[in-house]
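Below: the structure, in structure tokens.
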Amino acid sequence: MARRSPVPGAVSLGAARLLPRRDDWTRSRPARDLTAGVMVALVALPLALGFGASSGVGAGAGVVTAIVAGAVAAVFGGSHVQVSGPTGAMTVVLVPIVADHGPDGVLVVGLLAGLLLLGLALSGAGRAVRYIPVPVIEGFTVGIAAIIALQQLPSALGVDVHAEKVLVLAVEAGRAWLEEPHPGAVAAPRASSPTSWR
Numbered sequence: 464m465a466r467r468s469p470v471p472g473a474v475s476l477g478a479a480r481l482l483p484r485r486d487d488w489t490r491s492r493p494a495r496d497l498t499a500g501v502m503v504a505l506v507a508l509p510l511a512l513g514f515g516a517s518s519g520v521g522a523g524a525g526v527v528t529a530i531v532a533g534a535v536a537a538v539f540g541g542s543h544v545q546v547s548g549p550t551g552a553m554t555v556v557l558v559p560i561v562a563d564h565g566p567d568g569v570l571v572v573g574l575l576a577g578l579l580l581l582g583l584a585l586s587g588a589g590r591a592v593r594y595i596p597v598p599v600i601e602g603f604t605v606g607i608a609a610i611i612a613l614q615q616l617p618s619a620l621g622v623d624v625h626a627e628k629v630l631v632l633a634v635e636a637g638r639a640w641l642e643e644p645h646p647g648a649v650a651a652p653r654a655s656s657p658t659s660w661r
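To convert, take the position in the sequence shown, counting from 1, and add 463; that gives the numbering used here.
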């Protein structure tokens, strides 16, 4: 009699590790869990609005994505203390996709990225993250922040300019503002910046 291949069992075992178990749920501290959920939602909501608008698909799409992704991450997440929310890295990736292919391109890229992440999760590749040096992660994060800031410079200055390259966009925005200054447009983002509160 032929022996059955162990591959399906291995795949089901890998998928079972991603699903929540009965001991993951606890009723000992529901008030703390509820408070934590509300706090994360209050932080994630403005982020979702901002990232949706800055990526070009609209603020509403950002909110819907944050809700759906948060629910999926809560069910399939691999940590008891996981906090899931919008990330600025996707804004940098989605802006050129929206410009070239429209919102439909975002859907395709999102599905492909999800399949890729699912494959990496089933293969256990997440354990390799511990070998990435901290300076690399910090540099990646700072680079994303710089790109997002440059992308939003036209909105902060109150000018309407367009360019394919982020650096060119920032330079053109500064040049357009110098030609026709709008002090009120600069005052609004400055007043909302945490550095202005010190």
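C-beta atoms are modelled at their ideal positions from N, C-alpha and C, and glycine is treated no differently.
Let's see if you can read the secondary structure: which residues bound the alpha helix (DSSP H) around residue i?
i: residue 582; result: 566 to 586
i: residue 523; result: 522 to 539
i: residue 498; result: 493 to 518
i: residue 598; result: 597 to 614
i: residue 637; result: 629 to 642
Relative to the ligand COA, is the shortest distance from any of its heavy atoms to the C-beta of residue i smaller than 7 Å?
i: residue 621; result: With respect to the ligand COA, the structure offers nothing, as it holds no ligand at all.
Straight-line CA distance for residue i to residue j?
i: residue 641; j: residue 539; result: 50 Å
i: residue 533; j: residue 643; result: 43 Å
i: residue 596; j: residue 605; result: 15 Å
i: residue 635; j: residue 615; result: 12 Å
i: residue 638; j: residue 617; result: 10 Å
From the DSSP output, in three-state form, read off residue i for me.
i: residue 556; result: helix
i: residue 618; result: helix
i: residue 410; result: Beyond the ends of the chain as shown, which are 464 and 661, falls residue 410; an answer cannot be given.
i: residue 592; result: helix
i: residue 550; result: coil
Three Cβ pairs or more, each shorter than 8 Å: is that satisfied between the stretch 548 to 558 and the stretch 512 to 527?
yes
Any 3 or more C-beta pairs closer than 8 Å across the stretch 582 to 598 and the stretch 554 to 568
Cβ pair count under 8 Å is below three, so no.
Contact between the stretch 561 to 572 and the stretch 499 to 517 (3+ Cβ pairs under 8 Å)
no
For the pair the stretch 495 to 512 and the stretch 525 to 533, tell me if three or more CB-CB distances fall below 8 Å.
The stretch 495 to 512 vs the stretch 525 to 533: in contact.
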